[in-house]
Each structure stands twice: as C-alpha cells, then as structure tokens.
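Engineer: Just dropping this structure here.
Number of protein chains: 2
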Amino acid sequence: MTSTISETREGGAADPPPARRRLPQQGPTLHDELLAALRDYIVEGHLADGARVPERLLCERFGISRTPLREALKVLAAEGLIDLLPNRGARVRELGADELRALFDVMGGLEALAGRLACERINDAELAEIEAVHHEMYRFYLRRDMSGYFRCNQDIHQMIVAAAGNPALEATYASFAGRIRRVRYSANLAKDRDRWGEAMREHEAILDALRRRAGAELSDILFQHLRNKRKAAQAEG
Amino acid sequence: MTSTISETREGGAADPPPARRRLPQQGPTLHDELLAALRDYIVEGHLADGARVPERLLCERFGISRTPLREALKVLAAEGLIDLLPNRGARVRELGADELRALFDVMGGLEALAGRLACERINDAELAEIEAVHHEMYRFYLRRDMSGYFRCNQDIHQMIVAAAGNPALEATYASFAGRIRRVRYSANLAKDRDRWGEAMREHEAILDALRRRAGAELSDILFQHLRNKRKAAQAEG
DNA sequence: CTCGATCAAAATGAATGCAAAACAGCATCA
DNA sequence: TGATGCTGTTTTGCATTCATTTTGATCGAG
C-alpha cells in the first residue's frame with residue numbers, strides 16, 4: 008500500500024505539516040485514496056464510539072485541505088459509518104443493540120442471497136477452494152486456535168459471496184461488514200464451547216448444501232447461522 | 008415539498024441566476040436538500056444514460072456553488088447512480104444487461120430478507136393493510152388497468168419491507184430501487200398476458216405465506232418472484 | 001484529403017477565504 | 001450558590017480562487 012495518503016503517527020500530535028508532497032496526481036484520485044484511508048481508519052476502530060471527528064485535526068493528520076476531507080465525510084455518512092450533525096460536525100456513529108441487530112440481519116440476508124446465487128454458478132474448482140479452507144478451519148477448531156479459526160471463517164464467508172459473482176452484492180456486503188466490524192463483539196467462543204461446536208456443525212451443513220447446490224436450503228442455513236452468531240455475540244455483551 | 012432547492016425549469020437554459028435567496032439556513036441542511044434533489048433528478052431519468060453531468064450547469068440550475076454540488080456528486084457516485092471519472096467529470100451510470108441482472112438479484116435478496124423478517128414481526132393490522140392493497144390490485148388486474156396495478160404492486164412490496172422493521176434494510180432497499188428505477192424496463196404485461204396472470208398467482212402465494220408466517224417459504228417465493236419479474240422485463244428489452 | 005501536432009478555452013481537483021453558527025469562559029444577578 | 005446572559009474563540013458551511021488536466025480547434029505535413 009504505497010498510498011499518497013499516509014497517516015502521521017497517532018501519538019505525537021504536534022507535528023508540523025510534513026512538507027506536503029506535490030506529486031503530479033499520477034494515477035488514482037487523491038479523494039478516493041483519502042476516502043479509503045478514512046474509512047479504514049474508522050472501521051479499524053481508531054476513533055472511539057460517538058467521538059467527534061474534527062475536520063481540522065484530520066486535515067493535519069492526512070496533510071490535505073478541508074475540501075476533499077469534507078467530501079469524504081459526506082460519503083462515509085451516506086455509508087452509515089458516521090453521523091453528520093448540521094453545524095456540529097461529524098461523530099462516529101454509535102450502534103445500539105437494536106441497530107446492531109438490524110445490521111446483522113441484513114448481513115444474514117446478504118449471505119443468504121450469496122449462498123443462493125453461489126449454488127447457481129459455483130464450479131468444482133471454487134468449491135474445492137472453499138472446502139480446503141473449511142478443513143483448515145476445522146483443524147484450527149480442533150486445536151482451539153480462535154484467531155486462526157476466525158480468519159478461515161471470514162474467508163469462507165467472503166468466498167461464498169465472491170462465488171455469487173454479483174459485484175453489487177459484493178460491494179454492499181463489504182459495506183455492511185465494515186459497519187459491523189467497528190463493534191468489538193468479541194464473540195468469545197472459547198468461553199462458550201457449545202456455540203463453537205454448533206458453529207462448526209453449521210459450517211458442515213453450509214458446505215454440504217453448497218456441494219448439493221441446494222440454493223434455498225443453503226440460504227436458510229446461512230441466515231440462521233448469522234442469527235446464531237449475533238445471538239452469541241450479544242449474549243455476552 | 009417546499010424545498011430551498013428548486014430546479015429552474017428545464018427548457019430555457021439561459022436564465023440568469025435567479026437572485027439566490029440568502030435565508031439563514033433555517034432547519035435542514037442545504038447540502039442534504041441538494042443531495043435529495045439531485046438524486047431525484049437523476050432517478051426520475053431527466054438525464055440520458057451515460058450523459059455527462061456538467062457541474063457548472065447544475066450549479067446554475069440549483070443556484071449554488073460547486074462545493075456542495077461536488078459533495079453531493081461524490082455521494083451519488085458512492086450510491087452507484089453515477090460514475091465519477093477522474094478529471095473527466097461525472098456521467099450517469101449505464102446499466103448493461105449483466106449489471107441490471109445483478110441489481111435485480113440483490114433486490115430479490117433484499118425482498119426475500121424482508122419477507123422473512125416481516126413474518127417474525129408483522130401484526131394482524133399490518134397484514135390486513137397489505138391484504139387490502141392486494142385486493143385492490145386484483146381488481147386492477149381484472150380491469151386490465153396496468154398503471155393502477157403497478158402502483159399497488161409497488162406499494163405491497165414496499166409495505167413488506169416496512170413490516171420487516173429494519174431501517175438499514177429499508178435504506179438499502181430504497182437505494183437499489185432507485186438505481187433500478189432509472190431503467191425503462193416497461194415490463195409490458197399487457198403484451199404478455201401469461202406473465203401477468205402468473206405474477207398475480209405469485210402474489211397470492213406471497214400473501215398466503217405471509218398469513219401463515221412462513222418466513223423461509225415466503226423468502227423463496229419473493230426471490231423467485233423478482234427473478235421472474237426481471238426475466239419478463241428483459242425478455243422484451 | 002486525411003492524419004497528427006500545437007495551442008487556446010473550458011472543466012475539474014484542490015486550497016483558501018469569509019460569514020454564520022456553535023462552544024466555552026466569565027461576569028452578573030436572583 | 002446556582003442559574004443566566006454576554007462575549008471572544010473555535011468550528012462549520014459555502015463561495016471563491018488557483019493550478020492542472022482535458023477538450024476542441026486550427027494549422028500544417030504527408
């Protein structure tokens with residue numbers, strides 16, 4: 008990621024503007040890079056919930072003027088990552104339990120759709136890839152390696168969405184995933200051994216339905232899978 | 008709609024800026040109104056497919072400067088209504104057959120989700136409302152009144168989405184509906200008597216599943232319903 | 001006559017400037 | 001002592017300005 012936009016480090020806030028480079032705007036637009044950088048910055052959780060997002064500060068941090076920053080903020084507001092209060096600046100959107108549930112349900116619906124579409128298009132090679140990751144995930148499960156398990160888990164869901172071959176779906180899914188990722192729902196499966204096993208069984212069912220190209224069935228499983236995931240995450244607050 | 012933003016009429020383009028009023032920014036933000044106005048303007052199809060969207064012109068039309076307009080354009084680009092080519096301005100996004108199919112599929116997935124959620128929450132009063140519109144639609148069908156039929160049809164789908172009680176879903180659904188509405192898919196049911204009857208039967212099934220609160224089943228029906236709708240629309244291109 | 005290069009005009013991307021609104025601190029008063 | 005009104009500062013929203021790129025046209029060569 009050799010981006011033009013680079014965050015100056017977080018700790019020392021008293022940096023003089025680091026001599027803005029004036030490279031001749033080669034390929035990608037400055038605005039787009041800034042947008043992506045800001046989105047990552049927020050999704051990664053560097054800003055506290057409900058925290059003000061002062062323009063001035065971010066301008067200095069990213070070394071740009073207010074105009075492109077404000078454009079990016081409008082887009083992020085439209086995406087639902089921040090709230091834009093008139094004359095009162097931007098705040099990181101806080102997610103109440105209800106909103107979080109709503110987002111999870113939409114994620115479930117999107118995955119359900121992805122599963123249905125994937126059953127129509129997926130070929131054996133793609134399926135084999137997913138199966139490979141699935142087995143890797145199973146090994147992590149046996150070893151009780153949560154971080155590895157999570158990584159595989161996320162990869163599988165992402166691969167199903169990709170297998171749907173629907174760019175609009177993929178983009179929407181990514182957007183919702185970002186909104187949810189902000190939340191620290193440490194769905195701590197280690198403390199809930201039952202849920203972990205249940206999730207593993209659900210994944211077996213997912214793969215089985217996918218192998219059989221059973222679209223409607225896979226759709227249901229995926230939606231319920233997300234539901235259960237949400238419940239496990241919220242139960243533990 | 009007594010909006011601050013009002014389009015000057017379309018025909019005469021040689022209007023001098025109509026003495027911009029400087030009211031003290033009362034309630035709603037100027038930017039938001041502009042955004043909504045522009046979105047409507049594009050969704051309503053006032054701009055040809057792939058047409059350039061010249062900033063200057065729109066600035067004069069809406070009586071504002073380029074800054075808020077450009078902010079709105081960024082948002083619309085993020086929503087997928089327009090393409091923003093670097094240094095080459097904005098163009099109304101053209102939808103090829105593939106993209107249109109992808110959008111329809113997502114709409115189908117969203118409606119499927121809405122149906123599932125609606126089955127969990129809907130009460131008898133809401134159900135009765137939908138049934139009322141359904142019967143009204145049936146009367147339009149018997150009279151072969153397409154425009155009335157379409158209106159009811161759209162209302163029903165909207166009501167199902169609303170009954171899901173999920174703001175995020177509702178917003179996403181509205182966004183996709185706007186993107187699709189741009190397309191002139193005159194799903195001319197008059198010419199395809201069979202499809203019209205079939206659609207009517209599908210709606211009967213939808214209502215039946217909703218009455219029985221059969222979420223998964225309704226989900227399938229709605230997705231297939233959208234699929235068939237798309238096929239009918241595209242068959243006639 | 002067609003194709004390519006050069007140059008003026010327009011449009012875009014970003015920065016700066018300015019007026020209005022919100023915020024913070026202090027003084028005043030009940 | 002606590003609430004309230006005033007004032008200076010900061011922040012936001014929009015307009016304007018500047019630099020760069022694209023666009024269109026004219027001219028010339030093959």
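Protein chains in written order, with our numbering: chain V, 8 to 244; chain D, 8 to 244. Don't be surprised by glycine CBs; every beta carbon is placed ideally from N, CA and C. Note that this is a predicted model, so its numbers are computed, not measured.
Quick one, which of V:R73, V:R100, V:P93, V:C126 has its alpha-carbon nearest E86 (chain V)'s?
Structural biologist: Looking from the CA of E86 (chain V), the closest CA among V:R73, V:R100, V:P93, V:C126 belongs to V:R100.
Engineer: Report the start-end ranges of each beta strand (DSSP E) in the segment 71-100 of chain D that is 3 residues or longer and not cut off at the edges.
Structural biologist: Taking only runs of at least 3 residues, the beta strand (DSSP E) segments lying wholly in the segment 71-100 of chain D are 89-92, 96-99.
Engineer: So is D112 (chain D) buried or exposed if we call it buried at 16+ other beta carbons inside 10 Å?
Structural biologist: buried
Engineer: Once DSSP output is grouped into helix, strand and coil, what is the label at V60 (chain V)?
Structural biologist: strand
Engineer: Do R46 (chain V) and E62 (chain V) have their C-beta atoms closer together than 8 Å?
Structural biologist: no
Engineer: Can you list the residues of chain V that V168 (chain D) reaches, using a CB-CB cut of under 8 Å?
Structural biologist: Chain V residues near V168 (chain D): none, gap ~11 Å exceeds 8 Å.
Engineer: Report yes or no: do three or more beta-carbon pairs, one from the segment 235-244 of chain V and one from the segment 198-206 of chain V, lie closer than 8 Å?
Structural biologist: yes
Engineer: Would you verify that the beta carbon of V190 (chain V) is, or is not, closer than 8 Å to some beta carbon of chain D?
Structural biologist: no
Engineer: Using the beta-carbon count (16 or more within 10 Å), is S154 (chain D) buried or exposed?
Structural biologist: exposed
Engineer: Can you tell me whether T36 (chain D) is helix, strand or coil according to DSSP?
Structural biologist: coil
Engineer: By the criterion of Cβ-Cβ separation under 7 Å, what are the contact partners of L117 (chain D) in chain V?
Structural biologist: Per Cβ cutoff of 7 Å: G116.
Engineer: Shorter than 8 Å from the beta carbon of N173 (chain V) to some beta carbon of chain D?
Structural biologist: Residue contact with chain D for N173 (chain V): present (Cβ-Cβ distance below 8 Å to some residue of chain D).
Engineer: Please list, in chain order, the chain V residues whose beta carbon lies closer than 9 Å to that of V113 (chain D).
Structural biologist: In chain order: L117, L120, N173, A175, L176, T179.
Engineer: What is the residue span of the alpha helix (DSSP H) that N160 (chain V) lies within?
Structural biologist: For N160 (chain V), the enclosing alpha helix (DSSP H) has its first and last residue at 153-170.
Engineer: Looking only at its chain, what residues have a beta carbon closer than 7 Å to the beta carbon of A221 (chain V), apart from the 5 residues adjacent to it on each side?
Structural biologist: C126.
Engineer: Find the nearest neighbour of G57 (chain D) within the set D:N160, D:Q241, D:R189, judged by alpha-carbon distance.
Structural biologist: D:R189
Engineer: Spell out whether any CB of chain V is found under 8 Å from the CB atom of A104 (chain D).
Structural biologist: no
Engineer: Step through the CB atoms of chain V and report whether any lies within less than 8 Å of the CB of L41 (chain D).
Structural biologist: no
Engineer: Go ahead and pull the three-state DSSP assignment for D215 (chain D).
Structural biologist: helix
Engineer: Is there at least one Cβ from chain V nearer than 8 Å to E328 (chain D)'s Cβ?
Structural biologist: Past the boundaries of the shown model lies residue 328 (chain D); chain D is included only from 8 to 244, so the question cannot be answered.
Engineer: Note the first and the last residue of the continuous alpha helix (DSSP H) segment covering T113 (chain V).
Structural biologist: The sequence shown places Val at residue 113 (chain V), rather than the Thr named in the question. Going by DSSP, V113 (chain V) is part of the alpha helix (DSSP H) stretching over 104-128.
Engineer: Using a Cβ-Cβ distance cut-off of 8 Å, determine whether K236 (chain D) contacts chain V.
Structural biologist: Taking 8 Å as the CB threshold, K236 (chain D) stays off the interface with chain V.
Engineer: Hey, is R219 (chain D)'s beta-carbon within less than 8 Å of any beta-carbon in chain V?
Structural biologist: no
Engineer: Below 7 Å on C-beta distance, what does V82 (chain D) contact in chain V?
Structural biologist: K81, V82, A85
Engineer: Straight-line CA distance for I213 (chain D) to L229 (chain D)?
Structural biologist: 7 Å
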